[in-house]
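Working notes for the structure below.
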Amino acid sequence: MERLTLLADNSQARKTPQRGFTLIEVLVALAILAAGFSVIFQMFQQSGITANRIQQVQHRVDVEQSIFMELSHINPSANQQGVGSQGDITFQWRATPISPLLRLRSEDNTNQNHVQIFTINVVYQEKKVERSFEFDQMGWERKTGVSR
22 MERLTLLADN
32 SQARKTPQRG
42 FTLIEVLVAL
52 AILAAGFSVI
62 FQMFQQSGIT
72 ANRIQQVQHR
82 VDVEQSIFME
92 LSHINPSANQ
102 QGVGSQGDIT
112 FQWRATPISP
122 LLRLRSEDNT
132 NQNHVQIFTI
142 NVVYQEKKVE
152 RSFEFDQMGW
162 ERKTGVSR
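With my numbering as the guide, the letters of the sequence shown map in order to residues 22 to 169.
What follows is the structure, encoded as C-alpha coordinates:
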(Lines of atoms letter the chains of each structure in order from A and count residues from 1; the text may use other names and numbers.)
(Lines give C-alpha, C1' and ligand atoms only; values in the text may rest on other atoms or scores of the structure.)
Protein backbone atom coordinates (compact mmCIF):
# COMPACT_ATOMS: atom_id res chain seq x y z
CA MET A 1 0.00 0.00 0.00
CA GLU A 2 1.14 3.44 -0.88
CA ARG A 3 1.14 6.37 1.35
CA LEU A 4 -1.86 8.37 0.33
CA THR A 5 -1.80 10.44 3.37
CA LEU A 6 1.41 12.09 2.28
CA LEU A 7 -0.15 13.09 -0.99
CA ALA A 8 -3.15 14.38 0.82
CA ASP A 9 -0.88 16.40 3.08
CA ASN A 10 0.96 17.78 0.07
CA SER A 11 -2.26 18.73 -1.72
CA GLN A 12 -3.49 20.55 1.37
CA ALA A 13 -0.25 22.48 1.54
CA ARG A 14 -0.71 23.57 -2.07
CA LYS A 15 -4.30 24.68 -1.49
CA THR A 16 -3.44 27.13 1.28
CA PRO A 17 -3.55 30.71 -0.04
CA GLN A 18 -0.23 32.41 -0.62
CA ARG A 19 0.54 35.54 1.29
CA GLY A 20 1.79 38.80 -0.30
CA PHE A 21 1.06 40.59 -3.56
CA THR A 22 1.51 39.43 -7.09
CA LEU A 23 3.61 41.43 -9.50
CA ILE A 24 0.54 42.72 -11.33
CA GLU A 25 -1.05 43.93 -8.09
CA VAL A 26 2.14 45.81 -7.19
CA LEU A 27 2.32 47.40 -10.65
CA VAL A 28 -1.34 48.48 -10.51
CA ALA A 29 -0.81 50.00 -7.05
CA LEU A 30 2.29 51.86 -8.26
CA ALA A 31 0.41 53.20 -11.29
CA ILE A 32 -2.39 54.48 -9.06
CA LEU A 33 0.12 56.12 -6.70
CA ALA A 34 1.99 57.73 -9.60
CA ALA A 35 -1.24 59.18 -11.02
CA GLY A 36 -2.25 60.52 -7.62
CA PHE A 37 1.15 62.07 -6.93
CA SER A 38 1.29 63.71 -10.35
CA VAL A 39 -2.02 65.46 -9.62
CA ILE A 40 -0.82 66.53 -6.16
CA PHE A 41 2.51 67.84 -7.48
CA GLN A 42 0.72 69.85 -10.18
CA MET A 43 -1.50 71.39 -7.51
CA PHE A 44 1.55 72.35 -5.42
CA GLN A 45 3.28 73.84 -8.45
CA GLN A 46 0.17 75.81 -9.43
CA SER A 47 -0.28 77.10 -5.88
CA GLY A 48 3.35 78.27 -5.90
CA ILE A 49 2.82 80.12 -9.18
CA THR A 50 -0.39 81.67 -7.85
CA ALA A 51 1.29 82.76 -4.62
CA ASN A 52 4.10 84.40 -6.60
CA ARG A 53 1.59 86.25 -8.81
CA ILE A 54 -0.34 87.43 -5.76
CA GLN A 55 2.88 88.75 -4.23
CA GLN A 56 3.72 90.67 -7.43
CA VAL A 57 0.24 92.20 -7.65
CA GLN A 58 0.31 93.14 -3.96
CA HIS A 59 3.69 94.84 -4.43
CA ARG A 60 2.30 96.81 -7.38
CA VAL A 61 -0.73 97.87 -5.33
CA ASP A 62 1.55 98.97 -2.47
CA VAL A 63 3.75 101.04 -4.82
CA GLU A 64 0.77 102.72 -6.49
CA GLN A 65 -0.92 103.41 -3.16
CA SER A 66 2.28 104.97 -1.82
CA ILE A 67 2.58 107.26 -4.86
CA PHE A 68 -1.13 108.10 -4.61
CA MET A 69 -0.76 109.06 -0.95
CA GLU A 70 2.15 111.36 -1.80
CA LEU A 71 0.24 113.03 -4.65
CA SER A 72 -3.00 113.36 -2.70
CA HIS A 73 -1.44 116.27 -0.81
CA ILE A 74 -0.82 118.40 -3.90
CA ASN A 75 -3.16 121.01 -5.34
CA PRO A 76 -3.41 120.28 -9.07
CA SER A 77 -4.80 123.77 -9.73
CA ALA A 78 -1.53 125.26 -8.49
CA ASN A 79 0.86 122.64 -9.86
CA GLN A 80 -0.21 120.58 -12.89
CA GLN A 81 2.85 118.37 -13.36
CA GLY A 82 5.87 117.09 -11.50
CA VAL A 83 8.32 114.32 -10.76
CA GLY A 84 9.20 112.40 -7.63
CA SER A 85 10.92 109.34 -6.28
CA GLN A 86 10.46 106.81 -3.51
CA GLY A 87 13.50 104.64 -3.01
CA ASP A 88 14.35 103.01 -6.34
CA ILE A 89 11.02 104.06 -7.87
CA THR A 90 10.80 107.25 -9.94
CA PHE A 91 7.55 108.74 -11.17
CA GLN A 92 6.19 111.58 -13.27
CA TRP A 93 2.67 112.93 -13.03
CA ARG A 94 0.48 115.30 -15.01
CA ALA A 95 -2.89 116.81 -14.02
CA THR A 96 -5.55 117.40 -16.68
CA PRO A 97 -8.75 119.30 -15.81
CA ILE A 98 -11.93 117.34 -16.51
CA SER A 99 -14.49 119.81 -15.14
CA PRO A 100 -15.07 123.54 -15.42
CA LEU A 101 -13.80 125.87 -12.72
CA LEU A 102 -16.69 126.16 -10.24
CA ARG A 103 -17.14 128.79 -7.57
CA LEU A 104 -17.94 127.60 -4.07
CA ARG A 105 -21.22 128.93 -2.74
CA SER A 106 -21.62 130.83 0.48
CA GLU A 107 -24.58 132.40 2.24
CA ASP A 108 -23.41 135.94 1.65
CA ASN A 109 -22.04 135.18 -1.85
CA THR A 110 -18.60 136.55 -1.00
CA ASN A 111 -16.63 133.32 -1.23
CA GLN A 112 -13.91 133.67 -3.86
CA ASN A 113 -12.73 130.04 -3.72
CA HIS A 114 -13.09 127.90 -6.83
CA VAL A 115 -12.73 124.15 -7.34
CA GLN A 116 -12.04 121.97 -10.35
CA ILE A 117 -11.68 118.22 -10.81
CA PHE A 118 -8.49 116.89 -12.41
CA THR A 119 -7.39 113.49 -13.66
CA ILE A 120 -3.88 112.76 -12.41
CA ASN A 121 -1.92 110.50 -14.79
CA VAL A 122 1.09 108.84 -13.15
CA VAL A 123 3.88 106.98 -14.95
CA TYR A 124 6.42 105.24 -12.73
CA GLN A 125 9.52 103.14 -13.30
CA GLU A 126 10.74 100.35 -11.07
CA LYS A 127 13.63 98.07 -12.07
CA LYS A 128 13.47 99.32 -15.68
CA VAL A 129 9.78 98.41 -15.93
CA GLU A 130 7.38 101.27 -16.70
CA ARG A 131 3.81 101.21 -15.42
CA SER A 132 1.06 103.78 -15.12
CA PHE A 133 -2.18 104.51 -13.32
CA GLU A 134 -4.56 107.45 -12.93
CA PHE A 135 -6.99 108.88 -10.43
CA ASP A 136 -9.24 111.93 -10.03
CA GLN A 137 -8.50 114.69 -7.56
CA MET A 138 -10.02 118.05 -6.74
CA GLY A 139 -7.99 121.22 -7.11
CA TRP A 140 -8.79 124.60 -5.61
CA GLU A 141 -7.82 128.21 -6.11
CA ARG A 142 -8.81 131.64 -4.93
CA LYS A 143 -9.88 134.11 -7.61
CA THR A 144 -10.71 137.66 -6.73
CA GLY A 145 -12.98 139.85 -8.79
CA VAL A 146 -14.63 136.94 -10.59
CA SER A 147 -18.37 136.54 -10.27
CA ARG A 148 -20.43 133.65 -11.56
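For each residue, glycine too, the CB sits at the ideal point set by N, CA and C.
Worksheet item: Quick one: Cα of L51 to Cα of L44, how far?
Response: 11 Å
Item to complete: Report the three-state DSSP secondary structure of I75 (helix, strand or coil).
Response: Per DSSP, reduced to three states, the secondary structure at I75 is helical.
Discussion item. Just to confirm before moving on: does the CB-CB distance between E162 and T140 stay below 9 Å?
Written reply: no
Worksheet item: Comparing alpha-carbon positions, which option in S127, N130 and A116 lies nearest Q137?
Response: A116
Worksheet item: Between the beta-carbon of E91 and the beta-carbon of R152, is there less than 9 Å?
Response: no
Worksheet item: For I95 versus Y145, is the C-beta distance shorter than 9 Å?
Response: no
Discussion item. By the three-class DSSP mapping on this structure, what secondary structure does I138 have?
Written reply: strand
Discussion item. As an exercise, report each continuous beta strand (DSSP E) stretch of at least 3 residues that is fully enclosed by the stretch 100-125, in chain order.
Written reply: 102-107 and 110-118
Item to complete: Could you give the DSSP three-state label for S87: helix, strand or coil?
Response: In this structure, S87 counts as helix in the three-state DSSP scheme.
Practice prompt. Taking all protein chains shown into account, decide if I119 is buried (16 or more other Cβ within 10 angstroms of its Cβ) or exposed.
Written response: By the 10 Å Cβ count, I119 comes out exposed.
Worksheet item: Per DSSP, Q158 is paired with what?
Response: F139
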